[in-house]
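Asker: In mature numbering (1 follows the signal peptide of the UniProt record, and there is no 0), the protein residues as written are -19 to -1, 1 to 437.
Here a beta-carbon is modelled for each residue, glycine too, at the ideal position from N, C-alpha and C.
These numbers come from a predicted model, not from an experiment.
#1: Give me the Cα-Cα distance between residue 315 and residue 373, rounded to the nearest whole angstrom.
#2: Taking the alpha carbon of residue 365 as the point to measure from, which residue in 326, 92, 78 and 376 has its own alpha carbon closest?
#3: Is it the case that the Cβ atoms of residue 198 and residue 185 are separated by a distance below 8 angstroms?
#4: Inspect the beta-carbon positions of residue 229 and residue 176 and report whether they are closer than 8 angstroms.
#5: For residue 226 versus residue 19, is the C-beta distance shorter than 8 angstroms?
#6: Go ahead and label residue 267 buried or exposed: buried means 16 or more other beta carbons lie within 10 angstroms of its beta carbon, across all protein chains shown.
#7: Under three-state DSSP, which class holds residue 455?
#8: Could you tell me whether any Cβ in chain D is nearer than 8 angstroms to the Cβ of residue 334?
#9: With burial defined as no fewer than 16 other Cβ atoms inside 10 Å of the residue's Cβ, what is the status of residue 192: buried or exposed?
#10: Shortest alpha-carbon distance to residue 415 belongs to which of 67, 92 and 74?
#11: Just curious, the beta strand (DSSP E) that residue 291 is in, first and last residue?
#12: Ends of the alpha helix (DSSP H) at residue 116?
#13: Label residue 222 either buried or exposed according to how many other C-beta atoms from any shown protein chain fall within 10 Å of its C-beta, with 16 as the threshold for buried.
#14: Check residue 395 in the structure and name its three-state DSSP category.
#15: Rounded to the nearest angstrom, what separates residue 390 and residue 300 at their Cα positions?
#16: Within this structure, are the beta carbons of residue 151 and residue 22 separated by less than 8 angstroms?
#17: Would DSSP call residue 345 helix, strand or coil?
#18: Counting pairs of beta carbons, one from the segment 118 to 128 and one from the segment 156 to 165, are three or more of them closer than 8 angstroms?
#19: Where does the unbroken alpha helix (DSSP H) through residue 285 begin, and where does it stop?
#20: Go to residue 39, then tell me how far its beta strand (DSSP E) extends in each direction, as first and last residue.
#21: Of the choices 27, 132 and 40, whose alpha-carbon is the least far from that of residue 71?
#22: According to DSSP, simplified to helix, strand and coil, what is residue 175?
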């Protein structure tokens, strides 16, 4: 029961921020750096890289909290009230995503220009202004819940799954003695795989645990684009679109020894990118609008099996077919990365949603991530700490070891704190071929950072 409740409330029966915290700002991140800023392909320290497969998944909510101190007891003795801590409210939220990076390629042309080809499948779930107890009851069951009331306003949720193929180009547009400016762009072909969404102006009511009945008054619209079912995913070339990424990177490379400007390590890097501009149009979408009023036994909702069936079997709907546009999770990324000494760096990455506040769109949570790291050609270690506006803060750890990637943006906070509200993980395997640069012996003889070089 514990594992079922966790999986359903964190993902709300779906598969489901920055997908690779710490790794994406690594100078040897290769293909994964392009997911944060397309300008990273210009003058990359990775000459060529082939990504075989990578996956990142993230989920966070502000309703359900797992009391980690009692996890073992819960697994041994099933769920109890001490293990699952609830935060009631009518404005609960959830963000979740799954990101699969398929076969992808990064190639450097000379010292200043690069090209990337990315294949990717993504699924995002966004839920806003929902009553947590109502969501739990309608998706899992009402057995663990006592009496409660709810009054949702402008409530909405969107699950969207799509694939994309991206062509990335970047080059250095300014090359001065101590200053370099890079620019990059990604052009994406988007293939929609489907979407499920709900929204409504208002929904109020109450649940009486004593007699197992719920009274409701309000409206709900349930829509489905392209018959999205994970056990039977279909392709429709009519459900497509075009997307873009734009990025700039500035590097301050103070002179040190006799290294050439192209291979001199930066002291400061400042970057900005706008990711996921675009939308996908679905022509064949149906939406059922329900006027909910009255009192029903909650057993009818539980027996229906899912939200769509519960609405259809218990209320009268107005049916409509329409064409809908679902926007990508457009986001602004601002990065400041400082090299403390040698191989030790510290970065601050600010991510803010730019997608419209429309109901049929996904968005990323506003996040500030501070991440000290150690990086070399064959090894990287990251300690990202993330501050979020809607979900709890989290501390994680990540590692790059040769062709292997493994990390989590919330592992350490889950272990060290008394509760878990954020879960994420990433893993991957790829074949990197880094640039080889001869060491400047005269610069190294001077000691300190002067001997550092790009290919080290």
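Answerer: Taking the structure as given:
#1: 21 angstroms
#2: 376
#3: yes
#4: no
#5: yes
#6: exposed
#7: Only positions -19 to 437 of the chain appear in the structure, and residue 455 is not among them; the question remains open.
#8: Checking the listed chains, one finds no chain D in this structure; it contains a single protein chain.
#9: exposed
#10: 92
#11: No beta strand (DSSP E) holds residue 291; the alpha helix (DSSP H) holding it covers 288 to 295.
#12: 113 to 120
#13: buried
#14: helix
#15: 43 angstroms
#16: yes
#17: coil
#18: no
#19: 279 to 285
#20: 27 to 42
#21: 132
#22: strand
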